[in-house]
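Residues in the sequence shown are numbered consecutively from 1, following the working numbering. By construction, the Cβ of each residue, glycine as well, lies at the ideal position given by its N, Cα and C atoms. Given the structure is predicted, the values throughout are model-derived calculations rather than measurements. Below is one structure, written out as structure tokens; comments come after it.
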Amino acid sequence: MDNIDKLIGKRISEARVSRGFTQEELAERCCISISALSRIETGRNSTSIKTLMSIGDSLGVGLDYILYDLFPSQDISILSPEMQEILFLLKPLAKHDLSFIQKFLELYLSK
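If you want it as structure tokens, here you go:
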């Protein structure tokens with residue numbers, strides 16, 4: 001998972017820099033410490049989906065941008081049976097349907 005954490009961090013860092021945010025500005029927007037954001041961006045720490053959603057929302061990118069193609073598409077056996085079932089159900093959906101589900105989950109988790 002260490003490599004995945006680095007890739008996630010790299011994508012977050014690239015999105016932050018391209019939007020002209022400092023780590024301090026992004027950390028403040030996401031209500032996390034600068035050191036926590038730094039550890040996420042360098043891949044030294046994993047973070048929760050809720051934090052990733054907050055970061056993505058602050059940067060104007062979705063989880064699809066942050067997580068796209070990080071897990072081997074052919075080998076989902078490393079995931080829990082529940083996650084495998086979710087991926088099986090999501091795979092045939094159109095992009096606008098996936099976007100709706102993402103927004104729904106964001107609203108649900110923000111409560």
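Handout entry: For Arg11, the three-state DSSP class (helix, strand or coil)
Key = Helix at Arg11.
Practice task
Alpha carbon to alpha carbon, how far is Ser38 from Thr47? Give it in angstroms, no decimals.
Solution key: Rounded to whole angstroms, Thr47 to Ser38 spans 12 Å at the Cα level.
Practice task
Give a yes or no on whether the C-beta atoms belonging to Ile12 and Glu41 are separated by under 8 Å.
Solution key: Remark: C-beta atoms of Ile12 and Glu41 approach each other more closely than 8 Å.
Practice task
Tell me whether the beta-carbon of Leu63 lies closer than 8 Å to the beta-carbon of Gln102.
Solution key: Yes; because the gap between Cβ atoms is below 8 Å, this pair is in contact.
Practice task
Give every residue of the same chain whose Cβ lies closer than 8 Å to the Cβ of Arg19, excluding the five residues on either side of it in the sequence, and list them in chain order.
Solution key: These residues qualify, in order along the chain: Leu59 and Gly60.
Handout entry: Rounded C-alpha distance that separates Phe21 from Met83
Key = Cα-Cα distance, rounded: 33 Å.
Handout entry: Proximal residues to Glu24 (C-beta, below 7 Å), its chain only, five neighbours per side dropped
Key = Cβ within range, chain order: Ile34.
Practice task
Take Asn45 as the anchor and find which of Asp5, Tyr68, Ser110 and Glu14 has the nearest alpha-carbon.
Solution key: Ranking Asp5, Tyr68, Ser110 and Glu14 by Cα distance to Asn45 puts Asp5 first.
Practice task
Tell me whether Leu26 is buried or exposed, calling it buried when 16 or more other Cβ atoms sit within 10 Å of its Cβ.
Solution key: With a 10 Å radius around the Cβ and a threshold of 16 neighbouring Cβ atoms, Leu26 comes out buried.
Practice task
Identify the continuous alpha helix (DSSP H) that holds Leu67 and give its terminal residues.
Solution key: Leu67 -> alpha helix (DSSP H) spans Leu63 to Leu67.
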